[in-house]
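J.:
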Amino acid sequence: EKEFLPYLRNSHPEILKSIRDTGQLTEETINALKAALEEFKKTFTGGKQ
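Each residue of the sequence shown is one higher than the one before, starting from 36 at the first, in the working numbering.
1. Can you say whether ILE50 is buried or exposed, counting buried as having 16 or more other CB atoms within 10 angstroms of its CB?
2. GLU38 to LYS69, Cα distance in whole Å?
3. Quick one: using the 10 Å Cβ neighbour count with 16 as the cut-off for buried, is LEU43 buried or exposed?
4. Can you tell me where the alpha helix (DSSP H) holding LEU60 begins and where it ends?
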């Protein structure tokens with residue numbers, strides 16, 4: 036968790052902007068978060084599943 040927020044800020048600022056601007060988690064934002072989390076897991080684990 037500690038590393039995920041900085042990752043989002045650097046790699047996917049549009050997701051955080053959407054949440055800030057709307058104050059909601061839309062289905063589109065949730066899907067973007069899920070995709071970002073999958074990318075993060077790959078970098079965090081060095082590509083291991």
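Heads up, the beta-carbon is just placed ideally off N, CA and C, and yes, glycines get one too. Just so we're clear, the structure is a prediction, and the values are computed from it rather than from any experiment.
T.: Let me spell this out:
1. Buried: at least 16 other Cβ atoms inside 10 Å.
2. 16 Å
3. buried
4. Annotation for LEU60: no alpha helix (DSSP H) segment contains it, and DSSP assigns it neither H nor E.
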